[in-house]
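Peer 1:
Protein chains in written order, with my numbering: chain H, 6 to 403; chain D, 6 to 403.
1. So, with DSSP's three-state summary, where would you put residue 82(D)?
2. Does residue 195(D) come within less than 7 Å of chain H when only Cβ atoms are used?
3. Just how far apart, CA to CA, sit residue 85(D) and residue 272(D)?
4. Is residue 337(D) helix, strand or coil by DSSP?
5. So that I know if they touch, is there some Cβ in chain H lying closer than 7 Å to that of residue 243(D)?
6. Three or more C-beta pairs under 8 Å: does that hold for the stretch 281 to 290 of chain H against the stretch 175 to 193 of chain H?
7. Mind checking which residues open and close the alpha helix (DSSP H) that includes residue 287(H)?
8. Taking only beta-carbon positions, decide if residue 171(H) is within less than 7 Å of chain D.
9. In whole angstroms, what is the alpha-carbon distance linking residue 97(D) and residue 233(D)?
10. Rounding to the nearest angstrom, what Cα-Cα distance links residue 154(H) and residue 259(D) in this structure?
11. Report the rounded CA-to-CA distance for residue 263(H) versus residue 270(H), giving the unit in angstroms.
12. List, in order along the chain, the chain D residues whose C-beta lies closer than 8 Å to that of residue 240(H)?
13. If you run the structure through DSSP and keep just helix, strand and coil, what is residue 115(H)?
14. Any beta carbon of chain D sitting closer than 7 Å to that of residue 470(H)?
15. Go ahead and pull the three-state DSSP assignment for residue 242(D).
16. Could I get the ranges of all uninterrupted beta strand (DSSP E) runs contained in the stretch 35 to 95 of chain D, with 3 residues as the minimum, in chain order?
17. What distance in whole Å lies between the Cβ atoms of residue 372(D) and residue 255(D), which are believed to be in contact at a cut-off of 8 Å?
18. Hey, is residue 298(H)'s beta-carbon within less than 7 Å of any beta-carbon in chain D?
19. Using 10 angstroms around the beta-carbon of residue 76(D), count the other beta-carbons present and answer buried if the total reaches 16, otherwise exposed.
20. May I ask you to report which of helix, strand or coil DSSP gives residue 369(H)?
21. Suppose the cutoff is 6 Å on Cβ atoms and the five residues either side in sequence are ignored; what does the same chain contact list for residue 396(D) look like?
22. What residue range is occupied by the uninterrupted beta strand (DSSP E) comprising residue 260(D)?
23. If we ignore side chains and look at the alpha-carbon of each, how far apart do residue 163(D) and residue 101(H) end up?
24. Whose Cβ in chain H lies nearer than 7 Å to the Cβ of residue 117(D)?
25. Could you say which of 213(D), 390(D), 332(D) lies nearest to residue 277(D) if we only look at CA atoms?
26. Tell me which residue opens and which closes the alpha helix (DSSP H) that residue 387(H) is part of.
27. Per DSSP, which residues does residue 149(D) bridge with? Please list them.
28. Using a Cβ-Cβ cut-off of less than 7 Å, list which residues of the stretch 131 to 160 of chain D approach chain H; keep chain order.
29. Under 7 Å Cβ to Cβ from residue 435(D), same chain only, skipping five residues before and after it: list those, please.
30. Is there a C-beta anywhere in chain D that falls below 7 Å from the one on residue 348(H)?
31. By the 8 Å beta-carbon criterion, what residues does the stretch 220 to 238 of chain D contribute toward chain H?
32. On the premise that residue 219(D) lies in contact with residue 288(D), defined as a C-beta separation below 8 Å, what is that separation, rounded to the nearest angstrom?
33. Which residues in the same chain as residue 226(H) place their Cβ atom closer than 8 Å to its Cβ, once the five residues preceding and following it in sequence are excluded?
34. For residue 325(H), which residues from the same chain have a beta carbon less than 8 Å from its beta carbon, with the 5 sequence-adjacent residues on both sides left out?
35. Could you work out which residue in 169(D), 199(D), 122(D), 62(D) is closest to residue 130(D) when comparing CA atoms only?
36. Look at the Cβ atom of residue 145(D), then the Cβ atom of residue 141(H), and state whether they are nearer than 7 Å.
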């Protein structure tokens, strides 16, 4: 029976992924896939079947771009030099078509389901599943009066949320980057395991994470017609600002009340934080500074303040003067946290470092964290969260 | 700043998916993707950029295989004839490389993250998000003493689970098919929306769904060496039976107790059901008939009893004689439910119909459901669940 055949073939592939020397199948592979595989030095070996192709390239988004070499049997292979530990997006370019590697799981990034490979970091257990109590990640759908659509979000609840039915928890709103979606912090970032481990070690207070979908269009708002408008044009900039404003309204007017109604939160600014990576960092600054009555902890992970709209940043006048009085600001905002990877593109590294310098010069209390050797990638943001979360909800009324 | 560019480009793609005549972007697309698109007749139009390819094919797994045609600008396109409504897996074959369509979301099927397109079914709202109370889907991780690994499962909790803190609920264990995983019933099947809608209409009792990972290898069990063993060989068959046995032990010895400890279930056989599609149906029959002390409702969705091991099915002796006495069986098993799509491969359709005939001839009380015009695909299984769930937990002690 044909069905038996399929079951057996799949089983055979499941059961038989083999090690080869020091190379082992990557943890990001689909089950049973021998490739891609990684060795102890962080080298990765890739293989794809493309029997009739004339050119196949391996394209790391933050890393090497390599030509693959045709082997007998229609396979193309390549081995990378040692890669930085962490989670690296990549695609294959097969005769000009940029596609995902069928042997890798896909992760939503760059506006599509892209491939990625996890390069283990020796000694780092903080973002993997350990034998500690685990929280649960929930999917929620809420009907947004702002966008007029059902919106999907993920919610991490700490261990014992279900059993300690009188307990109330603070909330961290945690945003993905451009091209990613609400699944990124769990699938790519392992935010749930990071919090599980921090909470088990007593380093973080138990908290709820809310991961929202970072794009929005206001109900009834027509699609902007950007035909023929050059990149960076006022029209495109305005359309983008409208999107961020719709997101801000959805988050503050619909999602936060929904979370506070449906989960046992402590619903005040002392127990509400927001952070985001890259575009999510920019959104975080806009949302939190517009709503300091709602948020008192603010994190920007490789997220450039001032990128949005390209305005010149001035500590005294930025965000309607929220930082004009450093002492008042330090009292009001319990934590302002900036992070960047030292291997990020120079403009990002320089921009965030400059922001840090300006804040320091103006006596604005904040934390500046540099992730050694990591790029505009998830390993930076995992480290960011691991540094940021323990600082939350330690001040103000508990 | 480079980052601004990326954000803006992504935004531009987000905001500007356009309709074209009666063709509309498919609901399964990544955001902003104009293609694939579907018209009212169920025709679908595909487009992929592969400028240097010499041959590109569109490959529906249960549907047409079509050559795509090269257009100016490096794009390849094709329009299908009208497709059956529902969720159809497909891949693109670019110069011999079988890959996912970068414009479609990926869904785990066929042992990889594959593309799929949703063809709307006119008038069918039962599997989409309606304005009714929504349950939540939770991700859980449990440490399995059977497999020696952390295992991931999804759990649907009905609306009001959090607020009706004294209520206890029956549980349906719901399994995916071969090549799929524990995410299938939510991502592909929309089981959460099906239950939301059934519960809101009063057609189903509120229940918990548990969707487990259907593959397992016992802790310490070595990888079977199937090198040189022909397909369907006794060695492969044995290895597969070991996998199913490990899954059975994990489900009955670890997962069920975990669920009963961590959720407010009614933990007895009258309030426990199991169903599965295809391979999951086969697993369901094995697990439930081995454990009639635990389960009293049984569903096989295109899941052939007897496929596993290819044994000849005999009502009198099957499953250790559980059906030997039809009256006793009807009293013990509250529901035995079989479903198949009329457009499934003949062997599947004939096999399940024959099982139905044999059960009828032997006076074994059961339900036989045929899904009109659908193949070995998710539209069949959505309909199955929609027919099956309302029949659950209506008998026995409530």
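The C-beta atom is built at its ideal place from N, Cα and C for all residues, glycine as well. Keep in mind it's a predicted model, so treat the numbers as computed, not measured.
Peer 2: So, to answer that:
1. strand
2. no
3. 49 Å
4. helix
5. False, the Cβ-Cβ gap to chain H never drops below 7 Å.
6. Touching, yes, given that three or more Cβ pairs across the two stretches are closer than 8 Å.
7. 284 to 295
8. no
9. 31 Å
10. Rounded to the nearest whole angstrom, the CA to CA distance from residue 154(H) to residue 259(D) is 39 Å.
11. The alpha-carbon atoms of residue 263(H) and residue 270(H) are separated by roughly 11 Å.
12. Residues of chain D passing the Cβ test: none, with the nearest at roughly 10 Å.
13. DSSP places residue 115(H) in coil when its eight states are reduced to three.
14. The structure shown has nothing for residue 470(H), since chain H only spans 6 to 403.
15. Residue 242(D): helix per DSSP, three-state reduction.
16. 49 to 54, 61 to 65, 70 to 72, 80 to 84
17. Actually they are not in contact, since the Cβ atoms of residue 255(D) and residue 372(D) sit about 28 Å apart, beyond 8 Å.
18. It does not: the Cβ of residue 298(H) has no partner Cβ on chain D nearer than 7 Å.
19. exposed
20. coil
21. 340
22. Per DSSP, residue 260(D) belongs to no beta strand (DSSP E) and is neither H nor E.
23. 47 Å
24. 35, 107
25. It is 213(D) whose Cα lies nearest to the Cα of residue 277(D).
26. 383 to 393
27. Residue 149(D) pairs with nothing; no bridge assigned.
28. 134, 136, 139, 141, 142, 143, 144, 145, 146, 148, 155
29. Absent from the structure is residue 435(D), since the part of chain D shown begins at 6 and ends at 403.
30. no
31. So the close ones are 220, 222, 228, 229, 231, 236, 237.
32. 6 Å
33. 247, 251
34. Exclusion of the five residues before and after residue 325(H) leaves 294 as the residues of its chain whose Cβ lies within less than 8 Å of its Cβ.
35. 199(D)
36. yes
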